[in-house]
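Each residue of the sequence shown is one higher than the one before, starting from 15 at the first, in the working numbering. Glycine is no exception: its CB is placed at the ideal position from the N, C-alpha and C atoms.
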Amino acid sequence: MLEPVIPACVSRAGRGSRRSPRWTLAVAVLGSSLAFLDGSFVNVALPVMQRELGMGAGSAQWVVEAYMLLLASLVLVGGALGDRLGRRRVFVAGAVVFAIASVACAMAPGALVLIAARAVQGAGAAMLVPGSLSLISAAYPDDAERGAAIGTWSALGSVVGAAGPVAGGWVVSHGSWRWLFLVNAPVAAVIVVLAGVHVAETRDEEARGRLDASGAALVTVALGLIVYALVEAQGAGHLATAPVVGLLVAGFAALAAFGVVEARAASPMVPLSLFRIRTFTGANLLTLLVYGALGAAFFFLPFNLIQLQGYSPACAGAALLPLVLLVSLMSRWAGALAARIGVRALLVIGPVLCAVGFGLFAVPAIGGSYWATFFPAMIVLGVGLGFTVAPVTAAVMGSVERRHAGIASGINNAVARAAGLVAIAGLGVLLVTRFDAVLDARLASLHLPDAIAHEVDAQRGRLADATPPPDAAPALRESLRGAFGEAYVAGFRALMLACAGLTVLAAVSAAALIEGRRTKPR
15 MLEPVIPACV
25 SRAGRGSRRS
35 PRWTLAVAVL
45 GSSLAFLDGS
55 FVNVALPVMQ
65 RELGMGAGSA
75 QWVVEAYMLL
85 LASLVLVGGA
95 LGDRLGRRRV
105 FVAGAVVFAI
115 ASVACAMAPG
125 ALVLIAARAV
135 QGAGAAMLVP
145 GSLSLISAAY
155 PDDAERGAAI
165 GTWSALGSVV
175 GAAGPVAGGW
185 VVSHGSWRWL
195 FLVNAPVAAV
205 IVVLAGVHVA
215 ETRDEEARGR
225 LDASGAALVT
235 VALGLIVYAL
245 VEAQGAGHLA
255 TAPVVGLLVA
265 GFAALAAFGV
275 VEARAASPMV
285 PLSLFRIRTF
295 TGANLLTLLV
305 YGALGAAFFF
315 LPFNLIQLQG
325 YSPACAGAAL
335 LPLVLLVSLM
345 SRWAGALAAR
355 IGVRALLVIG
365 PVLCAVGFGL
375 FAVPAIGGSY
385 WATFFPAMIV
395 LGVGLGFTVA
405 PVTAAVMGSV
415 ERRHAGIASG
425 INNAVARAAG
435 LVAIAGLGVL
445 LVTRFDAVLD
455 ARLASLHLPD
465 AIAHEVDAQR
475 GRLADATPPP
485 DAAPALRESL
495 RGAFGEAYVA
505 GFRALMLACA
515 GLTVLAAVSA
525 AALIEGRRTK
535 PR
């Protein structure tokens with residue numbers, strides 16, 4: 015995961031933060047874990063949530079997209095608020111907002127309330143994620159101690175990331191997905207108490223200028239319109255409809271306006287001058303492509319595993335564990351290797367291996383042993399990501415002056431979040447288009463009665479969760495079930511091959527833009 019590393023700017027209260035740095039680290043880990051867990055377990059639980067709440071594929075996507083939209087567009091604002099208003103204050107406020115929204119998610123009677131609550135959760139996470147590292151930076155003024163503390167934070171975050179899908183799958187298999195959200199409330203309460211007792215308030219006394227509210231609003235509107243257009247395109251089966259085109263035009267116009275505002279702002283949320291640095295631009299382009307592919311692939315994979323392959327949610331979560339463990343184990347080694355030989359070679363090799371891994375995900379049909387179908391893809395993709403995650407962070411941080419470290423890493427974080435946000439919707443159009451084409455071909459060969467055909471069409475939006483009409487003959491129901499499964503596999507394969515193409519482009523961008531020499535902070 016790429017998280018913003020915010021340099022220490024200790025205020026007059028900074029001395030107090032040194033009295034209990036370990037407590038500060040513990041509070042920061044707890045806070046960031048809330049955001050990380052909700053990003054990792056929801057995908058595994060989503061097929062069950064879709065079935066229980068009767069959601070279509072578009073609504074199920076918005077359960078994830080609403081959270082990512084607010085987090086991606088507000089994460090830099092959250093960091094700036096902490097610098098100005100007080101890091102502990104904003105961090106605690108984020109925990110409270112996150113907890114209230116989590117309870118609303120758990121109590122949601124339907125899709126609309128759940129999606130709205132997830133959006134509020136994303137806003138809370140946008141205060142927690144940058145706040146966790148800013149608290150650590152203020153509590154550890156010594157560079158070496160701060161580096162060790164951030165390493166501990168990162169390692170524990172990796173453990174949480176690895177445990178999230180497995181624990182989430184187990185809870186859903188043995189209880190209810192609602193418990194996954196309810197557990198956030200007591201954790202948030204512990205954070206509030208510990209922060210009040212053990213964490214001193216700090217702020218950046220040199221922070222000047224107004225918050226870039228216009229930039230934050232424009233990027234939120236732009237991403238929201240683009241994602242909404244792409245989700246609508248899935249329902250239509252293609253992009254070429256007047257509403258979809260209109261929404262896309264409006265979204266890209268808002269994105270262009272965001273660029274104009276950032277170029278003119280006194281204190282921009284995204285300083286565009288950083289993108290004049292080739293390595294910084296190349297690393298962020300690579301992040302956009304790789305994390306876009308990851309976001310789309312791991313949104314749709316649990317639907318394949320649970321709804322087609324027949325995995326339980328617990329087994330689906332465990333199926334992801336080899337990949338997460340490989341990334342966790344390799345990241346420290348890859349970061350040290352990048353410091354010795356430079357980042358460019360690793361950032362070419364890593365995405366190429368990711369492309370091979372995504373290609374292997376396109377091989378399995380329905381059935382077969384996990385070890386012969388999805389496990390090889392998990393291993394290759396995990397190794398590819400192991401070569402990529404730490405070096406791309408090193409490329410970002412080493413390409414800018416030390417004083418820009420916080421904003422540079424924050425931009426990279428926001429790019430990663432936005433990439434997954436847009437890719438889930440955009441590549442979802444590809445999956446749905448291929449699903450519809452294969453399903454139409456299969457249905458044409460079955461010569462369905464009009465009444466049955468109408469019921470089948472009503473099920474298209476559920477994709478892998480589609481069920482044959484109950485009044486159809488048993489043999490026809492079995493044929494329809496096979497048609498739905500074959501169509502989803504075809505769509506899933508097309509999506510995975512597109513993800514492979516994105517990671518090949520990432521390797522090309524690294525070779526063309528990222529400097530070959532060793533990257534060191536300036």
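Residue state for Pro144 is assigned as helix, using DSSP reduced to three classes. Bounds of the alpha helix (DSSP H) holding Ile363 are Arg358 to Phe375. Cβ-Cβ separation between Leu319 and Ala330: approximately 4 Å, consistent with a contact (criterion under 8 Å). The Cβ atoms of Ala236 and Gly265 lie closer than 7 Å to each other. Remark: C-beta atoms of Leu232 and Phe272 approach each other more closely than 7 Å. In this structure, DSSP gives Glu529 a state outside helix and strand, which the three-state scheme calls coil. DSSP, read as helix, strand or coil, puts Leu225 in coil.
Counting other Cβ atoms within 10 Å of its Cβ, Trp347 stays below 16 and is therefore classed as exposed. In the structure shown, the three-state DSSP call for Arg217 is coil. Fewer than three Cβ pairs drawn from the region 505–522 and the region 482–490 lie within less than 8 Å of each other, which leaves the two stretches out of contact. Within 10 angstroms of the beta-carbon of Gly68 lie fewer than 16 other beta-carbons, which makes it exposed. In this structure, DSSP gives Gln321 a helical state, which the three-state scheme calls helix. A residue is called buried when at least 16 other Cβ atoms come within 10 angstroms of its Cβ; Phe289 does not meet this threshold and is exposed.
Annotation for Arg103: Glu215 place their beta carbon closer than 7 Å to its own, counting only its chain and skipping 5 residues before and after.
Per DSSP, Ser47 is one residue of the alpha helix (DSSP H) stretching across Pro35 to Leu67. Here Trp347 carries a helix assignment [DSSP, helix/strand/coil]. A distance below 7 Å separates the beta carbons of Val397 and Leu340.
Residue state for Ser116 is assigned as helix, using DSSP reduced to three classes. At the C-beta level, Val77 and Gln248 stay beyond 7 Å of one another.
DSSP, reduced to helix, strand and coil, places Ser87 within a helical segment of the structure shown.
Annotated three-state conformation of Val414 is coil, per DSSP. By the criterion of a C-beta distance shorter than 7 Å, Arg132 is surrounded in its chain by Val77, Ala80, Tyr81 and Cys119, once the five residues flanking it on both sides are discounted. Going by DSSP, His212 is part of the alpha helix (DSSP H) stretching over Asn198 to His212. Around Thr387, the same chain offers Pro378 as residues with beta carbons nearer than 6 Å, after the five sequence neighbours per side are excluded. With respect to the C-alpha of Gly96, the residue from Leu149, Tyr305, Ala49 and Ala115 having the closest C-alpha is Leu149. Ser190 sits in coil when the DSSP states are folded into three classes, being neither helix nor strand. When C-alpha distances from Val56 are compared across Val394, Ser342, Arg491 and Trp191, the shortest belongs to Trp191. DSSP places Phe389 within a helical segment (H, G or I) once states are collapsed to three.
For Phe506 and Ala139, the gap between their C-alpha atoms comes out near 30 Å. Within 10 angstroms of the beta-carbon of Met344 lie 16 or more other beta-carbons, which makes it buried.
One Cα belongs to Leu351, the other to Val143, and the distance between them is close to 27 Å. Of Gly356, Ser228 and Ile466, the smallest CA-CA separation from Glu529 is found for Gly356.
In this structure, Phe401 and Leu367 form a Cβ contact; the two beta carbons are roughly 7 Å apart against a cut-off of 8 Å. The alpha helix (DSSP H) runs lying completely inside the region 418–493 and spanning 4 residues or more are 419–460 and 464–473, given in chain order.
Taking C-beta atoms under 8 Å as the contact rule, Val111 and Val134 qualify, at a distance of about 7 Å.
Secondary structure within the region 257–327: the alpha helix (DSSP H) runs of 4 or more consecutive residues, fully enclosed, are 292–317 (chain order).
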